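Participant: Going down the list, the protein sequences come from chains A and B. Under full-length UniProt numbering, think of the first position of the first sequence as 1, with each following residue one higher. Under full-length UniProt numbering, think of the first position of the second sequence as 1, with each following residue one higher.
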Amino acid sequence: MSTLTLSQSKPVDRPKIKEKYDHFIGGKFVAPSSGEYFDNISPIDGKAFSKAARGNKADIELALDAAHEAFPTWSKTTPALRSKLLNKIADIIEENLEMLARVETIDNGKALRETRAADLPLVIDHFRYFAGVIRADESTISEHDEHTVSIALHEPLGVVGQIIPWNFPLLMATWKIAPALAAGCCTVVKPAEQTPTSIMVLMELIADVLPPGVLNVVTGFGPEAGKPLASSPRIAKVSFTGETTTGRLIMQYASENLIPVTMELGGKSPNIFMKSVADADDEFFDKAVEGAVMFALNQGEICTCPSRILVHEDIYDVFMEKVVERTKAIKMGHPLAEDTMMGAQASNDQYEKILSYMDIGKQEGAEVLCGGDKASLNSGLETGYYIQPTIFKGHNKMRIFQEEIFGPVVSVTTFKTTEEAIAIANDTMYGLGAGLWSRDAHELYQVPRAIQAGRVWVNCYHNYPAHAPFGGYKKSGFGRENHLMMLDHYRQTKNMLISYDKNKLGFF
Amino acid sequence: MTDQKYTPRVILSEVAIETIDILRKRFGNDLMFHQSGGCCDGSSPMCFEKGDFKVGTSDIWLGDVYGCDFFMNQDQFEYWKHTQLTLDVTPGRGSSFSIEIPMGIRFMIRSRLFTTEELENLIPTKTGEEVLEENQLK
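Structural data, given as structure tokens:
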């Protein structure tokens with residue numbers, strides 16, 4: 001295919017990034033015990049831009065030592081203090097938003113307009129949210145009879161292990177770290193090996209905020225650093241975002257240690273467009289078209305990517321014409337350029353995998369409505385991982401309708417009735433996200449209730465505000481994030497059952 | 001081992017063979033694969049030391065690939081069973097517990113549709129539990 005000549009604004013300057021980063025353990029930067037580092041490759045150009053410490057079991061043990069030393073004190077700090085420190089972290093991130101957004105773009109490959117407008121602002125807000133809710137949090141008390149009182153108090157679980165994905169490196173870390181710290185836990189965090197740098201740049205900024213050992217970050221490869229963390233008998237819980245096989249493996253380790261887990265394991269989210277969407281060619285219709293094109297947000301590397309468009313057959317032509325037109329207008333280019341709308345896929349293997357799905361999609365007879373290939377960009381991006389936003393038309397039994405491609409690829413099919421739309425929507429292993437677009441007040445309530453998914457966006461898509469619980473049904477996992485209920489994912493309940501009766505029972 | 005009279009469900013590339021050979025020198029002869037689904041590194045095959053990943057009744061054995069059992073979850077298999085998988089390798093940085101990742105490479109799957117004749121002659125599948133029982137008898 002021909003190479004796309006870029007005509008766009010100049011990329012912004014790269015912030016200073018160190019040649020290499022150590023682990024962050026016990027409040028200090030600690031060299032890996034092996035002395036080894038690995039290259040961190042930027043998806044922008046496929047070139048190494050920094051190195052990360054290659055962690056192993058010894059490093060994980062060191063981090064667990066630090067966390068266990070910190071826990072007795074941290075678990076007894078006042079909510080007021082924990083809240084103040086989380087707010088301080090948020091303030092520091094806010095002061096450094098632009099720099100962190102640029103580092104995140106270099107690390108992950110996503111467009112700067114997304115890290116500036118979504119990733120970093122959400123990071124800040126999630127720290128503030130958990131700083132806020134912990135102040136208003138209450139335990140419960142109940143009087144069972146006039147002499148007997150039950151107090152249900154929260155106590156932090158202890159030292160937890162948190163394994164972070166690479167698609168929103170800082171935001172996904174925040175979703176896990178903020179509630180754990182708010183609840184009074186100490187944590188050992190293992191970032192993804194594709195994106196180990198931005199979190200270390202953040203650690204440099206906030207190194208002195210928390211007491212040493214409360215928050216520890218060990219970089220490295222899954223089998224070498226992730227496995228000893230997830231299988232350690234010294235953790236009280238594992239929180240994981242990733243795919244199903246690793247999720248099962250982590251649950252297997254957790255079963256050996258009898259500890260709880262939370263799992264967020266992806267999806268194949270249906271985005272349903274009812275007939276009434278096209279009742280008028282107005283701003284709502286325009287919003288719905290944008291909602292369908294949301295599959296290209298973050299290059300499609302979102303577990304809730306609306307990767308299946310289900311559209312009523314009567315409006316297919318008028319609706320999809322606009323969706324294809326809008327998709328073709330997506331400006332690809334240098335992720336650090338301010339006018340780039342979609343950047344690079346996060347890694348070479350991801351890039352290859354997406355192309356292999358385009359291949360099987362075509363073999364299965366799906367029709368390519370736009371895109372369908374890699375994007376060959378020039379101007380120094382020839383070796384980066386760029387893929388054209390792609391729309392396939394087909395049916396729901398095709399593999400491109402059933403597997404999470406994790407790229408800018410959407411598959412569209414039609415339905416005749418509401419029942420058929422719901423049946424297709426639920427014909428999937430997963431149940432994380434879904435979208436429902438309609439002008440009909442009854443459908444707006446009834447259809448989302450019938451969809452087996454943890455989050456149904458109604459007349460919107462891809463908003464992730466704090467205080468709206470997020471998590472999966474079916475093989476998309478369990479547990480919720482982004483909400484104060486997360487505090488209880490990191491706490492035990494201590495029940496004190498108290499008798500105020502001076503008289504004996506009279507049994508013995 | 002793979003029976004010649006059947007069409008295999010999973011085959012592998014030369015570079016996948018070389019990679020398995022390298023991994024065997026470090027981890028021993030007995031390796032296994034489990035095909036993942038879901039986000040991030042999902043939809044990729046994961047390589048483990050045999051027995052590290054516990055398979056059971058919800059897993060389907062697709063065949064023996066260069067001496068390694070290859071499994072997939074039953075639900076996922078329902079959507080994959082009409083395609084032949086080729087185990088291949090690409091440079092890249094996966095993030096999972098698959099043992100080849102520190103080498104800077106990643107196992108991946110390429111797929112093609114079975115022909116009508118092939119579909120009638122596919123290697124019979126077994127559940128993970130049946131494979132475990134057979135292994136115990138050996």
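Virtual Cβ for every residue (Gly too), placed ideally from N, Cα, C. Only a predicted model underlies this, so the values are computations on that prediction, with no experimental measurement involved.
With the cut-off set at 9 Å, would you say B:Gln84 and B:Thr127 are in Cβ contact?
Facilitator: No, the pair does not count as a contact, with Cβ atoms beyond the cut-off.
Participant: By how many angstroms is the C-alpha of B:Phe27 removed from the C-alpha of B:Trp80?
Facilitator: Whole-angstrom Cα-Cα distance: 29 Å.
Participant: Identify the residues that DSSP records as bridge partners of B:Pro45: which are they?
Facilitator: Answer is B:Gln35.
Participant: Please specify which runs of the beta strand (DSSP E), each continuous and at least 3 residues long, are wholly inside the stretch 313-374 of chain A, giving them in chain order.
Facilitator: Runs of the beta strand (DSSP E) inside the stretch 313-374 of chain A: 367-370.
Participant: For the alpha helix (DSSP H) that contains A:Gly109, what are its first and last residues?
Facilitator: Counting along the chain, A:Gly109 falls outside any alpha helix (DSSP H), and DSSP gives it neither H nor E.
Participant: Residues of chain B with a CB under 8 Å from the CB of A:Pro223: which are they?
Facilitator: By Cβ distance, chain B contributes Phe97, Ser98, Ile99, Ile101 and Pro102.
Participant: By the three-class DSSP mapping on this structure, what secondary structure does A:Asn87 have?
Facilitator: Correct three-state label for A:Asn87: helix.
Participant: Looking at the unbroken beta strand (DSSP E) that takes in B:Arg106, where does it start and where does it end?
Facilitator: B:Arg106 -> beta strand (DSSP E) spans Ile105 to Leu113.
Participant: In the structure shown, what three-state DSSP assignment does A:Ser34 receive?
Facilitator: Looking at A:Ser34 - three-state DSSP - the assignment turns out to be coil, as it is neither helix nor strand.
Participant: In the stretch 236-254 of chain A, which residues sit with their C-beta less than 7 Å from some C-beta in chain B, listed in chain order?
Facilitator: Cβ contacts with chain B: Gly242, Glu243, Thr244, Thr245, Thr246, Leu249 and Gln252.
Participant: Could you give the DSSP three-state label for A:Gly46: helix, strand or coil?
Facilitator: In this structure, A:Gly46 counts as coil in the three-state DSSP scheme.
Participant: Which one of A:Gly477, A:Met342 and A:Phe478 has the shortest CA to CA distance from A:Leu112?
Facilitator: Considering only alpha carbons, the answer is A:Met342.
Participant: Can you pull out the residues from the stretch 23-55 of chain A whose beta carbon lies closer than 9 Å to at least one beta carbon of chain B?
Facilitator: Against chain B - using a Cβ distance shorter than 9 Å - the residues of the stretch 23-55 of chain A are Phe38, Asp39, Asn40, Ile41 and Arg54.
Participant: Just checking my contact of B:Val15 with B:Val89 at CB under 8 Å: how many whole Å lie between their CB atoms?
Facilitator: Their Cβ separation, rounded to whole angstroms, is 5 Å, which keeps B:Val15 and B:Val89 in contact under 8 Å.
Participant: Determine whether the Cβ of B:Leu113 lies closer than 9 Å to any Cβ atom of chain A.
Facilitator: Judged by the 9 Å Cβ criterion, B:Leu113 is in contact with chain A.
Participant: For the alpha helix (DSSP H) containing A:Ser198, name the first residue and the last one.
Facilitator: Its alpha helix (DSSP H) spans residues Ser198 to Ile206.
Participant: If you reduce the DSSP assignment to three classes, tell me which class B:Met1 lands in.
Facilitator: Reliability fails at B:Met1, whose pLDDT of 46 lies under 50, so the model's placement of it is uncertain and the value that follows must be treated cautiously. If DSSP states are grouped into helix, strand and coil, B:Met1 belongs with coil.
Participant: Under three-state DSSP, which class holds A:Trp175?
Facilitator: DSSP places A:Trp175 in helix when its eight states are reduced to three.
Participant: Answer with buried or exposed for A:His334, where buried requires no fewer than 16 other C-beta atoms within 10 angstroms of its C-beta.
Facilitator: Buried.
Participant: Answer with buried or exposed for A:Ile151, where buried requires no fewer than 16 other C-beta atoms within 10 angstroms of its C-beta.
Facilitator: Exposed: under 16 other Cβ atoms inside 10 Å.
Participant: Mind checking the stretch 376-402 of chain A against chain B and listing, in chain order, the residues whose C-beta falls within less than 8 Å of any C-beta there?
Facilitator: Hits within the stretch, in order: Lys397, Arg399 and Gln402.
Participant: Name the chain B residues whose beta carbon is nearer than 7 Å to that of A:Trp166?
Facilitator: Correct list: Cys40 and Ser95.
Participant: Quick one: what's got a C-beta closer than 7 Å to A:Gln452's C-beta in the same chain, skipping five residues either side?
Facilitator: Within the same chain, A:Gln452 has close Cβ partners Asn426, Gly431, Tyr473 and Lys474.
Participant: Out of A:Asp501, A:Phe29 and A:Gly55, state which residue places its alpha-carbon closest to the alpha-carbon of A:Asp145.
Facilitator: The candidate whose alpha carbon is nearest that of A:Asp145 is A:Asp501.
Participant: Going along chain B in order, which residues have a C-beta closer than 7 Å to the C-beta of A:Gln194?
Facilitator: The contacting residues are Arg93 and Ser95.
Participant: Smallest Cα separation from A:Gly26: which of A:Pro11, A:Gly55, A:Asn40 and A:Glu69?
Facilitator: Minimum Cα distance to A:Gly26 is reached at A:Glu69.
Participant: For chain B, find out if any of its Cβ atoms is closer than 9 Å to the Cβ of A:Glu104; answer yes or no.
Facilitator: By this cut-off, A:Glu104 is not an interface position.
Participant: Taking DSSP as the reference, what is the three-state secondary structure of A:His23?
Facilitator: Three-state DSSP puts A:His23 in a strand.
Participant: Output yes or no for whether 9 Å exceeds the beta carbon distance between A:Pro260 and A:Gly433.
Facilitator: No, they are not a contact pair.
Participant: Which whole-angstrom value is the C-beta distance of A:Asn348 and B:Pro91, which I expect to be below 8 Å?
Facilitator: Contact flag correct, Cβ pair sits at about 5 Å.
Participant: Considering B:Asn135, what are the terminal residues of the beta strand (DSSP E) in which it resides?
Facilitator: Looking at the DSSP string, B:Asn135 is not in any beta strand (DSSP E); the run it does join, the alpha helix (DSSP H), is Gly128 to Leu137.
Participant: Distance check for A:Gln194 and A:Pro179, CA to CA, integer angstroms please.
Facilitator: For A:Pro179 and A:Gln194, the distance between alpha carbons rounds to 24 Å.
Participant: Just the Cα atoms here: how many angstroms apart are A:Lys268 and A:Phe295?
Facilitator: The alpha-carbon atoms of A:Lys268 and A:Phe295 are separated by roughly 11 Å.
Participant: Have a look at B:Ser96 and A:Met172 and give me their C-alpha separation to the nearest angstrom.
Facilitator: Between B:Ser96 and A:Met172, the C-alpha separation is close to 16 Å.
Participant: Cβ of A:Gly247 within 8 Å of any heavy atom in the ligand ATP?
Facilitator: This structure simply doesn't include the ligand ATP, nor any ligand for that matter.
Participant: According to a CB-to-CB cut-off of less than 7 Å, which residues of the stretch 11-43 of chain B neighbour chain A?
Facilitator: The residues in question are His34, Ser36, Gly37, Gly38, Cys39, Cys40, Asp41, Gly42 and Ser43.
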